[in-house]
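Using our numbering, the first residue of the sequence shown is number 973, and each one after it goes up by one.
Glycine included, C-beta positions come from ideal geometry on N, C-alpha and C.
The structure presented is a predicted model; accordingly, all values stated were derived computationally and were not measured.
Take a look at the structure below.
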Amino acid sequence: MPNDTPNFRATMARQSRQSTPGRPHPRDTGGAPHQHPDAGQRTTPAEGAPVSSNHNSLRADPQGGHHRVSEARGDDRWKAREDSVADHSSEVPDVATGPGLDTVHEPANTPPLSDARSIPENAPDSFHGRTLGILMTDGIDDALLDALIRATTDADGLVALIAPMAGGITTGGGVRVVADQTIDDAPSALYDAVAVLATDAGAEAFAEMHPARYFAADAFAQAKFIAMTAAAETLFDAAGVSVSDQGMFDLSGPGDAGGFIRACHAQRYWKRLA
């Protein structure tokens, strides 16, 4: 048998003797908990021994040897810890002496700002290859939508039309416009600038849509140039954007589209983040 060896037989015999009636196992506490003062492992003071509420610990003494720090319960314990930290802190300047290291040098000066590493200073003055996301509702002005698309393409930019639903929208002139994306899958982070063309009813519907509010709030937070019709202010108010700056443009008619796209050449309205 693989276990029939002298060592195995000796081990089995020893275990048999320890479990023999009348010879309890050395660790057998008779069912008492281990901390039992008589039968268990002694973790409580012996009878008659002095009892102290303090917990004592040893800490290295920088002058040689050790000294004892008494950490009493409550405020005394925190005081002992503060003293220990302060004691070690006072030794920090002496650490470099033993190895012969130089003393700590003065903090480095803050380098000057570099225009070469600045995004605003090096942004191309162009909307070439950039994308304008146009969020639109039913009933919007045909001429305004056409002017915005034309101004973007004339600047070599791209246009993404966004509607509440996949079927697109119908303009005030009865023209059916097919959308590239729906508001549910078109966060403003996908676009370099955004425009919101909405009627009063459309803006109120957008104000009830979480994705639309998210679209408006993020476009503002990301310092993007924003153009909107007057009715679209309802959406921005619902999104918590109650301020206006020079990066936000009113689209009251087709003539406002060109100025907005020219401003978009700067990529972002950085002052909003200053």
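(Q) Let's test the definition: count the other Cβ atoms within 10 Å of the Cβ of residue 1220 and tell me whether it reaches 16, buried, or not, exposed. (A) Around the beta carbon of residue 1220, a 10 Å sphere encloses 16 or more other beta carbons of the protein chains shown; the residue is thus reported as buried.
Q. If you drop the 5 nearest sequence neighbours on each side, which residues of the same chain put their C-beta closer than 6 Å to that of residue 1107?
A. 1134, 1168
Q: Would you mind stating whether residue 1143 and residue 1114 have Cβ atoms separated by less than 7 Å?
A: yes
Q: Under the assumption that residue 1160 contacts residue 1190 (Cβ atoms under 8 Å), give the Cβ distance between them as a whole number of angstroms.
A: 5 Å
(Q) Once DSSP output is grouped into helix, strand and coil, what is the label at residue 1135? (A) strand
Q. If you follow the beta strand (DSSP E) that residue 1099 is part of, which residue opens it and which one closes it?
A. No beta strand (DSSP E) holds residue 1099; DSSP gives it neither H nor E.
(Q) So if DSSP puts residue 1200 in a beta bridge, which residue, or which two residues, is it bridged to? (A) 1168, 1222
Q. CB-CB under 7 Å to residue 1242, same chain, minus the five flanking residues each way: which ones, in chain order?
A. 1092, 1195
Q | Assigned exposure category for residue 1218 - 16 Cβ within 10 Å defines buried | A | The residue in question, residue 1218, is exposed, as its Cβ has fewer than 16 Cβ neighbours within 10 Å.
Q) What residues in its chain sit with their C-beta under 6 Å from that of residue 1200, if we drop five residues either side in the sequence? A) 1168
Q: Return the chain-ordered list of same chain residues with a C-beta closer than 6 Å to the C-beta of residue 1240, the five sequence neighbours on each side being excluded.
A: 1195
Q. Secondary structure at residue 1155, three-state DSSP: helix, strand or coil?
A. helix
Q. So, helix, strand or coil for residue 1112, using DSSP?
A. coil
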